[in-house]
Amino acid sequence: MEQEEADPAAKSRAQRHTFLGNRCLDVYFRFGNTLYDALKVFDEITDKNIVSWNICLKGFCRFGELQRAHNMFAEMPVRDVVSWNSMISGCVSGGFFDNAFCLFSKMQIAGMRPSEYTFSIVTSLVTCSCHGKQIHGGMIRNGMNLSNLILGNSLINMYGKLGCVDYAFGVFFAMEEVDIISWNSLISGCHRSGYAELALDQFFQMRSTKHSPDEFTISSVINVCCNLPNLEKGKQIFAFCLKVGFLSNSIVSSAAIDLFSKCNRLEDAIRLFEELDWWDSAVCNSMISSYAQHDCVEDAVQLFVLTLRENLRPTEFTLSSLLNSAPIFLPAELGSQIHSLLVKLGFESDPIVASSLIDFYSKVGLIDYAMKIFANVGVKDLTSWNTMIMGMAHNGKVFEALNIFEELISEGIAPDKLTLAGVLLACNLGGLVDEGMTMFLSMGEEYGIVPQDEHYMSIVDLLSSTGKLKEAIDIVAEMPYEPSFMIWESILRACVIHGDFKTH
Numbered sequence: 081m082e083q084e085e086a087d088p089a090a091k092s093r094a095q096r097h098t099f100l101g102n103r104c105l106d107v108y109f110r111f112g113n114t115l116y117d118a119l120k121v122f123d124e125i126t127d128k129n130i131v132s133w134n135i136c137l138k139g140f141c142r143f144g145e146l147q148r149a150h151n152m153f154a155e156m157p158v159r160d161v162v163s164w165n166s167m168i169s170g171c172v173s174g175g176f177f178d179n180a181f182c183l184f185s186k187m188q189i190a191g192m193r194p195s196e197y198t199f200s201i202v203t204s205l206v207t208c209s210c211h212g213k214q215i216h217g218g219m220i221r222n223g224m225n226l227s228n229l230i231l232g233n234s235l236i237n238m239y240g241k242l243g244c245v246d247y248a249f250g251v252f253f254a255m256e257e258v259d260i261i262s263w264n265s266l267i268s269g270c271h272r273s274g275y276a277e278l279a280l281d282q283f284f285q286m287r288s289t290k291h292s293p294d295e296f297t298i299s300s301v302i303n304v305c306c307n308l309p310n311l312e313k314g315k316q317i318f319a320f321c322l323k324v325g326f327l328s329n330s331i332v333s334s335a336a337i338d339l340f341s342k343c344n345r346l347e348d349a350i351r352l353f354e355e356l357d358w359w360d361s362a363v364c365n366s367m368i369s370s371y372a373q374h375d376c377v378e379d380a381v382q383l384f385v386l387t388l389r390e391n392l393r394p395t396e397f398t399l400s401s402l403l404n405s406a407p408i409f410l411p412a413e414l415g416s417q418i419h420s421l422l423v424k425l426g427f428e429s430d431p432i433v434a435s436s437l438i439d440f441y442s443k444v445g446l447i448d449y450a451m452k453i454f455a456n457v458g459v460k461d462l463t464s465w466n467t468m469i470m471g472m473a474h475n476g477k478v479f480e481a482l483n484i485f486e487e488l489i490s491e492g493i494a495p496d497k498l499t500l501a502g503v504l505l506a507c508n509l510g511g512l513v514d515e516g517m518t519m520f521l522s523m524g525e526e527y528g529i530v531p532q533d534e535h536y537m538s539i540v541d542l543l544s545s546t547g548k549l550k551e552a553i554d555i556v557a558e559m560p561y562e563p564s565f566m567i568w569e570s571i572l573r574a575c576v577i578h579g580d581f582k583t584h
């Protein structure tokens, strides 16, 4: 009888020990500087439950110890949805997106039902509309409430990023309740998809509801105005910012500086920058980029140096702007110094910065440096490929440019109009008529790209310079629009060189 009464007491003490141990474990992982103390607490919990394992799993991910997290995940006696979510989220935080998708698939194969949080993570990773629609369908099959704010907003954001604005609107209108994040995602999605006027319409529509814009709304709308043909809408938004005091916000001020710069109102951007009571990294980076884009490179460099002295961290866009202007105005030495700095800051593998470095070294003739950087980029985006192809072509490495294009195709990456412009330029500079004509004639059918002026320019110049004037004129005659002056100049120059003044 006494033993029966003792067992519940012992069980209660064990449960209290586990509960307190879990609390201590969580504190050590959240606020500790090392894993040692946290793991010591974990080892001392004699009766570990699923919460103990999950806290440790999250802790490993928080400290960036993904391999140890994977090992622990494999050792767990029982896993729940929190365990899977922790691993998926950890992979995302570490940049291992393919691993995150793989875990998401394994989770479902294991019979674990994804939660709303699981789907909200996965939607942020989707890069193609087909996959996005599959995830959306998975939510429906799993009985998720799509009018839920977290899920609804994640879907709007996903479809906006993918350019599927109609689907984003479909989700938005199906939601029982929306919030400012819903509106921001919709406005941003319209903007990303090239529907600037539609994005502004949503902003004004939102103003007629109970929802008030926040700094993210305003910065998005200001960026929308940068792509409009006139400044009127931008002025209205700017006046609204002044009225409600939004210019005291760093995000909004940075966007306003970008707006003035892109609308060729650099003096207004400078005035706004100088009138601010404070400068932070965001506004300084915007101003540096504005100076660089308007060829005021000395001003850009001076402000850049000042920000470094004030310990304000530059962004990849700032460094990219400086690198893009350096070859023209302040050759190699400045670019090399910026390169050294961005290596220290850990930006070298960033696709945006890498593309600018490739472009910089290509323009100053250091193509081997450019190729080395290209080879070291972990995940290459299309801009990196295009920049490398164009750089090789301009430096006379025409066969290398074509090889890089073949590598791009073998990677399963779809080329765009700039890619093919680079390939045709390489063919033109190398006098490769057969390769150039094959590429030009297959653009539409094989890659779905309609030839534009830069493509016509390269192929006409290639044919003209190799004495194939009749073929060049035939292509010009079939152009769906009036040929540019440069195209005719190319033909006339070839006529003079080859002594062919007959009319074909």
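So the sequence shown is numbered by my numbering: it starts at 81 and just counts up by one. Note that the Cβ used here is the ideal one computed from N, Cα and C, for glycine as well. All of these numbers come straight from a predicted model, not from anything done at the bench.
Practice task
With a cut-off of 8 Å on the beta carbons, I'd call I432 and F397 a contact; round off their distance for me.
Solution key: If you number the sequence shown from 1, residue 432 lands on position 352. If you number the sequence shown from 1, residue 397 lands on position 317. Rounded to whole angstroms, the Cβ separation of I432 and F397 is 7 Å, and the two are in contact under 8 Å.
Practice task
Report all residues from its chain with a CB closer than 6 Å to the CB of M468; omit the five preceding and five following residues, and keep chain order.
Solution key: By 1-based counting over the sequence shown, the position of residue 468 is 388. Short of 6 Å from the beta carbon of M468, and not among the five residues preceding or following it, lie these beta carbons of its own chain, in chain order: I438, F454 and I484.
Practice task
Compute the distance between the beta-carbons of I236 and F253, then report whether it is under 7 Å.
Solution key: Here residue 236 refers to the residue found at position 156 when the sequence shown is read from its first residue. Here residue 253 refers to the residue found at position 173 when the sequence shown is read from its first residue. Here I236 is not near F253, since their CB atoms are 7 Å or more apart.
Practice task
Helix, strand or coil for N585, going by three-state DSSP, please let me know.
Solution key: Residue 585 cannot be examined here, being either before or after the span of the chain that is shown, 81 to 584.
Handout entry: Contacts around Q83, its chain only, beta-carbon distance under 8 Å, and the 5 residues preceding and following it disregarded
Key = Translated into the one-based positions of the sequence shown, residue 83 becomes position 3. Reliability of the predicted coordinates at Q83 is poor, the pLDDT of 41 falling under 50, and no value is obtained from them.
Problem - Cβ separation of A149 and L137, assumed to be a contact under 8 Å, to the nearest whole Å - result: The sequence position of residue 149 within the sequence shown is 69, counting from 1. The sequence position of residue 137 within the sequence shown is 57, counting from 1. Indeed, because the Cβ distance is near 6 Å, the residues count as touching under 8 Å.
Handout entry: Reference L308, options G274, T207 and S416, closest by Cα
Key = Taking the sequence shown and counting its residues from 1, the one referred to as residue 308 is at position 228. Distances from the alpha-carbon of L308 to those of G274, T207 and S416 put G274 closest.
Handout entry: Beta-carbon proximity list for Q282, same chain, < 8 Å, skipping 5 on both sides
Key = Counted from its first residue, the sequence shown places residue 282 at position 202. If the five residues before and after Q282 are omitted, its C-beta is found closer than 8 Å to the C-beta atoms of W263, L266, I267 and C270, all from its own chain and listed in chain order.
Practice task
Could you name the residues of the same chain whose beta carbon sits closer than 7 Å to that of Y108, not counting the 5 residues immediately before and after it, in chain order?
Solution key: Stepping through the sequence shown from its first residue, residue 108 is reached at position 28. Excluding sequence neighbours, Y108 sits near D117, A118 and V121.
Practice task
Return the Cβ separation of E155 and L115 in integer angstroms, given the expectation that the two are a contact with Cβ distance under 8 Å.
Solution key: In the sequence shown, residue 155 corresponds to position 75, counting from 1. In the sequence shown, residue 115 corresponds to position 35, counting from 1. In this structure, E155 and L115 do not form a Cβ contact; the two beta carbons are roughly 16 Å apart against a cut-off of 8 Å.
Problem - Member of E491, L509, P531 and V478 whose CA lies at the smallest distance from the CA of K497 - result: Numbered from its first residue, the sequence shown carries residue 497 at position 417. Residue P531 is the option with its Cα nearest to K497.
Exercise for the section: Return the first residue and the last residue of the alpha helix (DSSP H) that N303 is part of. Expected result: As a first step, residue 303 is located in the sequence shown; it is residue number 223 there, counting from the start. Unbroken alpha helix (DSSP H) run through N303: E295 to C306.
Exercise for the section: Measure the alpha-carbon distance for S416 versus T546 and round it to whole angstroms. Expected result: Position 336 of the sequence shown, counted from the start, is the residue given in the question as residue 416. Position 466 of the sequence shown, counted from the start, is the residue given in the question as residue 546. Distance between the alpha carbons of S416 and T546 is about 39 Å.
Exercise for the section: Answer yes if the region 294 to 313 comes into contact with the region 337 to 349, meaning at least three C-beta pairs across the two stretches below 8 Å, and no otherwise. Expected result: Taking one beta carbon from each stretch, the region 337 to 349 and the region 294 to 313 have 3 or more pairs nearer than 8 Å; the two touch.
Practice task
Please list, in chain order, all residues of the same chain as V258 whose beta carbon is under 7 Å from its beta carbon, the five residues on each side excluded.
Solution key: The residue you call residue 258 lines up with position 178 of the sequence shown. Only F252 meet the Cβ criterion.
Handout entry: Minimum length 3: unbroken beta strand (DSSP E) runs contained in the region 389 to 464
Key = Taking only runs of at least 3 residues, no beta strand (DSSP E) segment lies wholly in the region 389 to 464.
Practice task
Using three-state DSSP, classify G476 as helix, strand or coil.
Solution key: In the sequence shown, the residue the question calls residue 476 occupies position 396. In the structure shown, G476 sits in coil (DSSP, three-state: anything other than H, G, I, E or B).
Practice task
Check C141 in the structure and name its three-state DSSP category.
Solution key: As a working mapping, residue 141 is identified with position 61 in the sequence shown. Of the three classes helix, strand and coil, the one that applies to C141 here is helix, per DSSP.
Practice task
For R287, collect the residues of the same chain with a Cβ closer than 8 Å to its Cβ; drop the 5 residues on either side in sequence, then sort them by chain order.
Solution key: Counting from 1 along the sequence shown, the entry for residue 287 is found at position 207. Setting aside the 5 residues that flank it on each side, R287 is surrounded in the same chain by P293, each with a C-beta closer than 8 Å to its C-beta; the list follows chain order.
Exercise for the section: Please go through the region 195 to 240 and give each complete alpha helix (DSSP H) segment of 4 or more residues, from N-terminal end onward. Expected result: As far as the region 195 to 240 is concerned, its whole alpha helix (DSSP H) runs of at least 4 residues are 196 to 203 and 209 to 221.
Practice task
To the nearest angstrom, report how far apart E551 and L543 are at their CA atoms.
Solution key: Your numbering for residue 551 matches position 471 in the sequence shown. Your numbering for residue 543 matches position 463 in the sequence shown. In a straight line, the C-alpha of E551 is about 7 Å away from that of L543.
Problem - Sub-7 Å separation of T98 and N134 beta-carbons - result: On the sequence shown, residue 98 is found 18 positions in, with the first residue counted as 1. On the sequence shown, residue 134 is found 54 positions in, with the first residue counted as 1. Going by beta carbons, T98 and N134 fall outside the 7 Å limit.
Handout entry: Counted within 10 angstroms of its Cβ, other Cβ atoms place R573 as buried (16 or more) or exposed
Key = Along the sequence shown, one-based indexing puts residue 573 at 493. So R573 ends up on the exposed side.
Handout entry: Same chain only: Cβ atoms within 6 Å of A450, ignoring 5 sequence neighbours per side
Key = By one-based count along the sequence shown, residue 450 stands at place 370. Taken in chain order, the residues that qualify are I438, Y441, S442 and G471.
Problem - Neighbourhood of S436 by C-beta, 6 Å cutoff - its chain only, sequence neighbours within 5 removed - result: By 1-based counting over the sequence shown, the position of residue 436 is 356. Within the same chain, S436 has close Cβ partners S400, L403 and N404.
Exercise for the section: Give the single residue among G458, I298, Y239 and A473 whose Cα lies nearest to the Cα of C74. Expected result: No answer is possible for residue 74: it lies beyond the span of the chain, which begins at 81 and ends at 584.
Practice task
Determine, using beta carbons only, whether N508 and S538 come nearer to each other than 7 Å.
Solution key: Along the sequence shown, read from residue 1 onward, the residue named residue 508 stands at position 428. Along the sequence shown, read from residue 1 onward, the residue named residue 538 stands at position 458. With contacts defined by Cβ atoms closer than 7 Å, N508 and S538 form a contacting pair.
Practice task
Leaving aside the five residues before and after Y247 along the sequence, list all residues of the same chain whose C-beta is less than 6 Å from its C-beta, in chain order.
Solution key: For the purposes of this step, residue 247 is identified with residue 167 of the sequence shown, where counting begins at 1. Excluding sequence neighbours, Y247 sits near Y239.
Exercise for the section: Output the boundary residues of the alpha helix (DSSP H) element that contains F353. Expected result: Residue numbering aside, residue 353 sits at position 273 when the sequence shown is read from its first letter. DSSP places F353 inside the alpha helix (DSSP H), whose first and last residues are L346 to E355.
Practice task
Decide if P157 is buried, meaning its Cβ has at least 16 other Cβ atoms within 10 Å, or exposed.
Solution key: Looking up residue 157 in the sequence shown gives position 77. Per the 10 Å Cβ criterion, exposed.
Exercise for the section: Just mark V324 as buried or exposed, buried being the case when its beta carbon has 16 or more other beta carbons within 10 Å. Expected result: Residue mapping note: residue 324 aligns to position 244 of the sequence shown, counting from 1. Around the beta carbon of V324, a 10 Å sphere encloses fewer than 16 other beta carbons of the protein chains shown; the residue is thus reported as exposed.
Exercise for the section: Tell me whether the beta-carbon of M367 lies closer than 7 Å to the beta-carbon of F384. Expected result: The residue you call residue 367 lines up with position 287 of the sequence shown. The residue you call residue 384 lines up with position 304 of the sequence shown. No, the Cβ-Cβ distance between M367 and F384 is not below 7 Å.
Problem - Rounded separation between N456 and N466 - CA only - result: By one-based count along the sequence shown, residue 456 stands at place 376. By one-based count along the sequence shown, residue 466 stands at place 386. Answer to the nearest angstrom: the Cα atoms are 16 Å apart.
Handout entry: H374 vs L346 beta-carbon contact at 7 Å
Key = Here the question's residue 374 lines up with position 294 in the sequence shown. Here the question's residue 346 lines up with position 266 in the sequence shown. For H374 and L346, yes; Cβs fall inside 7 Å.
Problem - Contact check, S334 vs A362, beta carbons under 7 Å - result: Along the sequence shown, one-based indexing puts residue 334 at 254. Along the sequence shown, one-based indexing puts residue 362 at 282. For S334 and A362, yes; Cβs fall inside 7 Å.
Exercise for the section: Please name the residue in A276, C104, E562 and F111 whose C-alpha comes closest to that of I125. Expected result: To locate residue 125, count along the sequence shown from 1; it is residue 45. For the residues A276, C104, E562 and F111, the minimum Cα distance to I125 belongs to C104.
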